[in-house]
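Taken in order, the sequence shown gives residues 19 to 124; the numbers are from the numbering used here. Ideal Cβ positions, reconstructed from N, Cα and C, are used throughout, including at glycine. Every value quoted in this text rests on a predicted model; they were computed, and no experiment measured them. The structure appears right after this line, and notes come after that.
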Amino acid sequence: MAEFDGRPFFSCRNCLNPLAFHHDLISKTFKAQTGQAYMFSNAMNVVLGRKEDKQMITGMYTIAKIYCSNCGQELGWHYLRAYDLKQKWKEGNFILEKFKMLKEYK
Ligand SMILES: [Zn+2]
């Protein structure tokens, strides 16, 4: 496993694969089907699913689901495109469901 110089990070609840650094956390206010979800500017060790258009409360998006590269658990989604100009800031960011992760300090 990689060495993270004491920086806190989140890992897959299933297999402890590191997924995102705490310092890349943008927002904790997102909602997913399982409940609370976090937005990150970056994610690691994830695999992207196919592109799909999705209608959400705040508008239409092109997203790709993201999966753990180790165990294959579905974790959340990646914003590829926001159709609404006010939502453009979300493009390139990752949503990870809180319930699917563990927070670790190494
Ligand atoms: Zn995993």
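*Going along the chain, which residues of its own chain have a beta-carbon closer than 6 Å to the beta-carbon of residue 76, five neighbours each way excluded?*
105.
*What does a CB cutoff of less than 8 Å around residue 60 pick up in its chain, not counting 5 residues either side in sequence?*
Sequence-distant Cβ neighbours of residue 60 in its own chain, meaning closer than 8 Å and more than five residues away, are 38, 39, 42, 112.
*Assign residue 18 to one of three DSSP states: helix, strand, or coil.*
As shown, the chain starts at 19 and ends at 124. That puts residue 18 outside it, with no answer to give.
*List the DSSP bridge partners of residue 120.*
According to DSSP, residue 120 bridges with 29.
*From 57, 93, 119, 121, residue whose alpha carbon lies closest to that of residue 67*: Measuring from the Cα of residue 67, the nearest candidate turns out to be 93.
*Per DSSP, residue 54 forms a beta bridge with which residues?*
Per DSSP, 49.
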